[in-house]
């Protein structure tokens, strides 16, 4: 009986099972697929050995020194060990660098609390103001017995975090106001001003806006008023990002159904309540993917400040490999900075995806 | 107070107050600018544009020397920006479309590689990539005297890429005229083919008549007007190459960076577009007996295109604006030239307004082109 059954059992054809089938289905299904597979394999055969030999085989490990590096063909990891502090904090006085580290941690902590804790708007603003004051106090010193460090000596990570995080944090409310101003058609003057501003900013490169901050902003200040370049750039960044955030939020406002506005009106809510309780929560939710795209882009674009002479991490990386004896290791310096960017951007986008999935607050 | 109860009047009042505030602020700003400029002893004046620029650029499409005017050097910068933008737009689109198709496909290896590519570029700033690419090129490519010879007459060094160029003679304008005529004829022929296919269902050949007629036309015109083609090849003389064309290593680094950076973003757009095509369309195409290549080309891409084009236009605009990072490695684009000019003349207001107006004009032109293209590819609905 048993043997009979097995006899009747017909196995699937050889081409439908096993490795061969998997390969045919997943790698050589169509002629185009075959071409792609061959190209990818060739590319991997070229790039993977090149990277592996640069990073490991030909490289000098963290324990090595500069003399060993000179004869090696691969990466020079002792460079990172030697220069990590320079890349992170630059020319900030060496014995005071704990202040720069603490200030960076404060900013990261601010972002962390924003992500993890839902606070009331008032508390949030208060927290950010206090955090910002602490940051400046720690970095600048001359309070609580700390020695003074001029802003020109602020370098690397804290400068980058200051510009990226505070400009975006301030750009967000400004973006909401701009989006609301452009979205209504009751006050035509306000609308056309907002539209003009947004379109102007979106039409020009970030770099020209940074130049505006550096050159033109001090000019429109009253005479004798000195604006630190760092803060001029901060203002320029926030004005730039606000326009993009405003457009994202306006996108969310536009796909909101008209019934929501009418319902809020018929409940007798005034404009403020209508916006705060009904319109904005939904519009922000709808705009979330776009906003996170903009946030990540803006965060990465903060690195452009190095071009106008602000010393963020790309600038300190350059300092690190301009040092005599270490000049060949520019790539190592950029790998170091790249790891920071990759990790932080990845966290940001993971948080964005998490929020989208959650959909409720 | 009853005056404020009326919505329109209240709105008018709010805007009036705002207008007054804005006028006051701009008045203060103008006053401040005038005071600040007076303190340094200059006035807003565009006359400096005709003055001698006195600095050199590393690459120019038109004749330029350091003794030319500021207006001319700005034009050189603008042309460099446009050249870079066009090269990058074409390359990024090609990369994006190919990678997008792979990313949306079923190839196990391909989808993973495309995902890795997109994720890597999504999480790294373009300036970092640019600096890394530039430093690899400068450190790893040979010096000019030991330049790699690729094929015949193409040399690669860490200063520039050298390649042969066609020596232009006046008679060659006949070739250009012939090419134009061929192009017009080709457009009419493809239209006729579509028309004929709509009427009869039969498809006339397109590929070989076009290539054949192009070759025949070129041979005929060259023979008729006795045009011979000579190339100027780069030759190493002393410390640099003479003859031929050259692309600075800065240009190449920028082109690579911006193409792969925006290529990654276009990949995601293309993937989204392709995946938005409903599955029944694929099944229907399969049922009609179309081959996989035909399904992609005739069914999927035309429908995906409608989804892709509006965000793609935004990408192009971003790309054009992003060419300004050229300043970081010293390629003479518009912003870079502007920055040097500001440092020399200290006329930031004039130079910045010229640059910003130029970028705005470019944005407007590109937007208009995209709207036109968008309207053309829309579904003709009833």
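Chains as they are written, first to last, in my numbering: chain A, 1 to 361; chain B, 1001 to 1382.
Each residue gets a CB set at the ideal place from its N, CA and C atoms; glycine is no exception.
Being a predicted model, the structure only gives us computed values, none of them experimental.
Original post:
Is residue 202 of chain A near residue 262 of chain A, with beta carbons less than 8 Å apart?
Top reply: no
**OP:** Report yes or no: is there a C-beta of chain A within less than 8 Å of the C-beta of residue 1035 of chain B?
**Re:** Closer than 8 Å: yes.
Original post:
For residue 71 of chain A, which of helix, strand or coil comes out of DSSP?
Top reply: When secondary structure is reduced to three states using DSSP, residue 71 of chain A falls in the helix class.
Original post:
So what does DSSP say about residue 224 of chain A, is it helix, strand or coil?
Top reply: coil
Subject >> DSSP bridge partner residues for residue 1154 of chain B (one or two, in chain order) >> reply: B/1150
**OP:** Evaluate residue 300 of chain A with the Cβ neighbour count: other Cβ atoms within 10 Å of its Cβ, from every protein chain shown; 16 or more gives buried, anything less gives exposed.
**Re:** Buried, by the Cβ-count rule.
Original post:
Secondary structure at residue 1367 of chain B, three-state DSSP: helix, strand or coil?
Top reply: Here DSSP, grouped into helix, strand and coil, assigns residue 1367 of chain B to helix.
Original post:
Is residue 1377 of chain B closer than 8 Å to residue 1449 of chain B when the C-beta atoms are compared?
Top reply: Any property of residue 1449 of chain B remains undetermined from this structure, which presents chain B solely from 1001 to 1382.
Subject >> residue 1382 of chain B, buried or exposed, once every other Cβ within 10 Å from all chains shown has been counted against 16 >> reply: Model confidence at residue 1382 of chain B stands at a pLDDT of 38, short of 50, so the residue's coordinates are unreliable; what they give is reported in the following sentence. Residue 1382 of chain B should be labelled exposed.
Original post:
Among residues of its own chain, excluding the 5 on either side of residue 1290 of chain B, which ones have a beta-carbon nearer than 8 Å to its beta-carbon?
Top reply: If the five residues before and after residue 1290 of chain B are omitted, its C-beta is found closer than 8 Å to the C-beta atoms of 1298, 1299, all from its own chain and listed in chain order.
Subject >> Minimum length 3: unbroken beta strand (DSSP E) runs contained in the stretch 1198-1256 of chain B >> reply: 1235-1237, 1240-1242, 1245-1248
Subject >> Alpha-carbon to alpha-carbon, residue 1211 of chain B and residue 1333 of chain B >> reply: 37 Å
**OP:** Could you confirm whether any beta carbon from chain B is found closer than 8 Å to the beta carbon of residue 346 of chain A?
**Re:** Chain B, which has a Cβ nearer than 8 Å to the Cβ of residue 346 of chain A, makes this yes.
Subject >> Contacts around residue 255 of chain A, its chain only, beta-carbon distance under 8 Å, and the 5 residues preceding and following it disregarded >> reply: 286
Subject >> For residue 364 of chain A, the residue or residues it bridges with in DSSP >> reply: Any property of residue 364 of chain A remains undetermined from this structure, which presents chain A solely from 1 to 361.
Subject >> Interfacial residues, the stretch 1336-1360 of chain B to chain A, with Cβ spacing under 8 Å >> reply: 1338, 1339, 1342, 1348, 1349, 1352, 1355, 1356, 1359, 1360
Subject >> Test: residue 1321 of chain B CB closer than 8 Å to a CB of chain A >> reply: yes
Original post:
Interface residues of chain A around residue 1108 of chain B at Cβ under 7 Å?
Top reply: 26, 27
Subject >> Reference residue 1223 of chain B, options B/1188, B/1172, B/1011, closest by Cα >> reply: The shortest C-alpha separation from residue 1223 of chain B is found at B/1172.
Original post:
How is the alpha helix (DSSP H) around residue 292 of chain A delimited, first residue to last?
Top reply: 280-301
**OP:** Examine chain A for any beta-carbon lying closer than 8 Å to the beta-carbon of residue 1015 of chain B, and answer yes or no.
**Re:** With 8 Å as the cut-off, residue 1015 of chain B counts as an interface residue toward chain A.
Subject >> Rounded straight-line distance, which links the Cα of residue 1161 of chain B to that of residue 227 of chain A >> reply: The straight-line gap from Cα to Cα measures roughly 44 Å.
Original post:
By Cβ distance, which residues of its chain are closer than 7 Å to residue 213 of chain A, with the 5 residues on each side in sequence left out?
Top reply: 232, 233, 235, 236
Original post:
What are the residues of the stretch 1117-1128 of chain B that lie near chain A, defined by any Cβ-Cβ distance shorter than 9 Å?
Top reply: 1119, 1120, 1122, 1123, 1124, 1125, 1126, 1127, 1128
Subject >> residue 1156 of chain B to residue 1278 of chain B span [Cα, whole Å] >> reply: C-alpha separation (whole angstroms): 47 Å.
**OP:** Under 6 Å Cβ to Cβ from residue 1113 of chain B, same chain only, skipping five residues before and after it: list those, please.
**Re:** none
Subject >> Any chain A beta carbon closer than 8 Å to residue 1019 of chain B >> reply: With 8 Å as the cut-off, residue 1019 of chain B counts as an interface residue toward chain A.
Original post:
Thinking C-alpha only, which one of A/167, A/186, A/222, A/249 is nearest residue 210 of chain A?
Top reply: Nearest neighbour of residue 210 of chain A by Cα position, chosen from A/167, A/186, A/222, A/249, turns out to be A/167.
**OP:** Out of B/1363, B/1354, B/1372, state which residue places its alpha-carbon closest to the alpha-carbon of residue 1044 of chain B.
**Re:** Residue B/1354 is the option with its Cα nearest to residue 1044 of chain B.
Subject >> Inter-residue Cα distance where the pair is residue 1177 of chain B and residue 1208 of chain B >> reply: Going by the C-alpha atoms only, they are around 22 Å apart.
**OP:** Below 7 Å CB to CB, which residues in the same chain sit around residue 183 of chain A once its five sequence neighbours on both sides are set aside?
**Re:** 250, 253
Original post:
Under a CB-based cut-off of 8 Å, is residue 1328 of chain B close to chain A?
Top reply: yes
**OP:** Would you verify that the beta carbon of residue 1370 of chain B is, or is not, closer than 8 Å to some beta carbon of chain A?
**Re:** no
**OP:** At 4 residues or longer, and completely inside the stretch 244-276 of chain A: list those alpha helix (DSSP H) runs for me, N to C.
**Re:** 258-266
**OP:** Rank A/191, A/123, A/105 by C-alpha distance to the C-alpha of residue 158 of chain A and give the top, closest one.
**Re:** Cα-wise, what sits closest to residue 158 of chain A is A/105.
Subject >> Near the ligand SAM: residue 83 of chain A beta-carbon under 7 Å from a heavy atom >> reply: Looking for the ligand SAM in the displayed structure turns up nothing, as the structure carries no ligands at all.
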